[in-house]
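Numbering (my numbering), first residue to last: 8 to 701.
Beta carbons: idealized from backbone N, C-alpha and C, even for Gly.
Quick caveat: nothing in here was measured; it's all calculated off a predicted structure.
Take a look at the structure below.
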């Protein structure tokens, strides 16, 4: 007997949208460097927790879809329908639910027999009737299949064939027996089948398509929904969850280190943790690959890699490579042989080295002879690979690879440690000096008639400058008495501009050139300002009467050569050479020009940022000009009445201002670049304002 109480109406079953997988996040820390197992001296910049050259990708550590796992099945909401079946036949239950309550079309297979008992303690809604009916039918070996607008009640054994085509949408528990295609994104279908197979009843079916990486399962709507959500929980990005570390080795072999690490991990991990860390040797990169689901395991593996990647202290010799970062490999190789000695000692005979590989250039190394001046050339290492003897008694060979700017060392591990320590101290960033020079021409008229030095003294300007650097023209011990034409040097700060501003106001100052250039410490910078004057060097006449002349060009003007040396505390020693060459009058007999040349060499010490003024190069030009009435001005005796003769003298003094600035780091160079950019912008604005002024 069946009792059914109904009131109101309800809609069709709701569809529950499946949750989407959260985006995987992979924080990555990348270290610069890498290279050979014997490559030394790489960049130490980067994450302090990672070894030099390590490339670390930290995974999320998540291997399930947490959002999908947190979804819970909804409890049956209370409705207005109460079911009470007591040993009721299947056909009566199907008729009552599908036909009388839901008003759906249905067909019942005659082979379906049986009775059911069901009682709901609380009223349920209409959308819960079909899932309840499916459960009752399944207990009696039947299934409810929706096809062509008709519910078919068929035996469970043939329900899968009647449920075609399979479902593709991710609907939430659509009523009726059916087939569900679960498309997998990350996990292999065969592996997912191992997870789902224990949950699928034997009477249901589960199939795997490995080529398309999908799974097909058969079951009721509620069963399909549960299996689909289970697949979503485990179908996550496996690689994003794992943490990966690539650790380049500097000394040891990758295969050897990998074997040692596997032994260490196997000893320290129990059976439950086995497989949590995977270690592989990358022979091509000579690096160690570590794959683990736990990011914190990478930190432990970093420590072990650093401990094991060390040079052994065995007696055998090995080939080491030092990557030079700041200097030239040939220079460092020459310094090393100067320290350790360039010839064989202790009865050790030089051993002939094999032929050099393409791109490698042998550098001759040797020691300077006793009594040679500092900076004497050091003999280079011979192509036969001359041996060097270290104080410890070991014999090494050093070759500079100029193509890669590296130093190759064939030595024992103990000897190489000594050489490497010296290389790290020598291979430092070289400081630079910014040379700001201004070449000025001062007209010596009025109070400047006796030169700029006399003008400075008379106006008491010299009180603002270093008096030790002020050299008198009349001093017998001064450089003016030794080398005429270069008489004084004035050292000062920003006050030097006061003198020049005063001269510029009277239009007595002409700026010839104002160059700026950067030069490395202990390197030479040259500045040339002037013209090239053609000079006939040879004249020849061919048999045909053609005259052939050979012309060469001679540099005139100002040539300034500065070599800075930075001392402790920022004091800069400048080796200065200045040449001034002027083109003179043409010789009446040969037609060739004469050239007047003045030069000076000096060494001056100055603080960074101060300005030094070099002066005393005075030039005097005498000009005689005749003008008058053509023809009449040339008559004897009375020609002077019809013409005029003018004699003029022009004296100028050449002044050179030099301001050196020490540039120690790239940040200092960047600041100077910004300063020059501001200067150019200021000049551009002034020019625009000048043009805009009516």
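Distance, residue j Cα to residue i Cα
{"i": "residue 126", "j": "residue 186", "result": "30 Å"}
{"i": "residue 229", "j": "residue 201", "result": "21 Å"}
{"i": "residue 405", "j": "residue 687", "result": "49 Å"}
{"i": "residue 584", "j": "residue 620", "result": "14 Å"}
{"i": "residue 571", "j": "residue 526", "result": "8 Å"}
{"i": "residue 561", "j": "residue 611", "result": "29 Å"}
{"i": "residue 308", "j": "residue 297", "result": "8 Å"}
{"i": "residue 326", "j": "residue 413", "result": "13 Å"}
{"i": "residue 224", "j": "residue 213", "result": "4 Å"}
{"i": "residue 684", "j": "residue 523", "result": "13 Å"}
{"i": "residue 439", "j": "residue 519", "result": "26 Å"}
{"i": "residue 695", "j": "residue 607", "result": "42 Å"}
{"i": "residue 271", "j": "residue 259", "result": "17 Å"}
{"i": "residue 144", "j": "residue 189", "result": "25 Å"}
{"i": "residue 447", "j": "residue 675", "result": "28 Å"}
{"i": "residue 142", "j": "residue 135", "result": "11 Å"}
{"i": "residue 550", "j": "residue 556", "result": "15 Å"}
{"i": "residue 622", "j": "residue 428", "result": "48 Å"}
Beta-bridge partners of residue i, as assigned by DSSP
{"i": "residue 288", "result": "295"}
{"i": "residue 1", "result": "The chain is shown only over 8 to 701; residue 1 falls outside these bounds and no answer can be derived."}
{"i": "residue 662", "result": "447"}
{"i": "residue 517", "result": "448"}
{"i": "residue 126", "result": "91"}
{"i": "residue 158", "result": "113, 153"}
{"i": "residue 407", "result": "414"}
{"i": "residue 96", "result": "122"}
{"i": "residue 564", "result": "588"}
{"i": "residue 600", "result": "593"}
{"i": "residue 570", "result": "582"}
{"i": "residue 216", "result": "221"}
Buried/exposed call for residue i, threshold 16 Cβ in 10 Å
{"i": "residue 242", "result": "buried"}
{"i": "residue 288", "result": "buried"}
{"i": "residue 133", "result": "buried"}
{"i": "residue 430", "result": "buried"}
{"i": "residue 29", "result": "With a pLDDT of 34 at residue 29, under the threshold of 50, the modelled position of this residue cannot be trusted, and the question is left open."}
{"i": "residue 246", "result": "exposed"}
{"i": "residue 495", "result": "Its pLDDT being 47, under 50, residue 495 is placed unreliably by the model, and nothing is read from it."}
{"i": "residue 293", "result": "buried"}
{"i": "residue 238", "result": "buried"}
{"i": "residue 627", "result": "exposed"}
{"i": "residue 236", "result": "buried"}
{"i": "residue 226", "result": "buried"}
Three-way DSSP call (helix, strand, coil) for residue i in this model
{"i": "residue 211", "result": "coil"}
{"i": "residue 258", "result": "coil"}
{"i": "residue 620", "result": "strand"}
{"i": "residue 90", "result": "strand"}
{"i": "residue 269", "result": "helix"}
{"i": "residue 529", "result": "coil"}
{"i": "residue 695", "result": "helix"}
{"i": "residue 134", "result": "helix"}
{"i": "residue 683", "result": "helix"}
{"i": "residue 113", "result": "strand"}
{"i": "residue 436", "result": "coil"}
{"i": "residue 185", "result": "strand"}
{"i": "residue 344", "result": "helix"}
{"i": "residue 229", "result": "helix"}
{"i": "residue 244", "result": "coil"}
{"i": "residue 614", "result": "strand"}
{"i": "residue 309", "result": "helix"}
{"i": "residue 575", "result": "helix"}
{"i": "residue 667", "result": "strand"}
{"i": "residue 672", "result": "coil"}
CB contact flag (residue i, residue j, <8 Å)
{"i": "residue 261", "j": "residue 295", "result": "yes"}
{"i": "residue 119", "j": "residue 160", "result": "yes"}
{"i": "residue 565", "j": "residue 587", "result": "yes"}
{"i": "residue 589", "j": "residue 602", "result": "yes"}
{"i": "residue 666", "j": "residue 443", "result": "yes"}
{"i": "residue 337", "j": "residue 407", "result": "yes"}
{"i": "residue 158", "j": "residue 103", "result": "no"}
{"i": "residue 703", "j": "residue 300", "result": "The question about residue 703 has no answer, for the chain in this structure spans 8 to 701."}
{"i": "residue 441", "j": "residue 670", "result": "yes"}
{"i": "residue 558", "j": "residue 569", "result": "no"}
{"i": "residue 131", "j": "residue 100", "result": "no"}
{"i": "residue 222", "j": "residue 256", "result": "no"}
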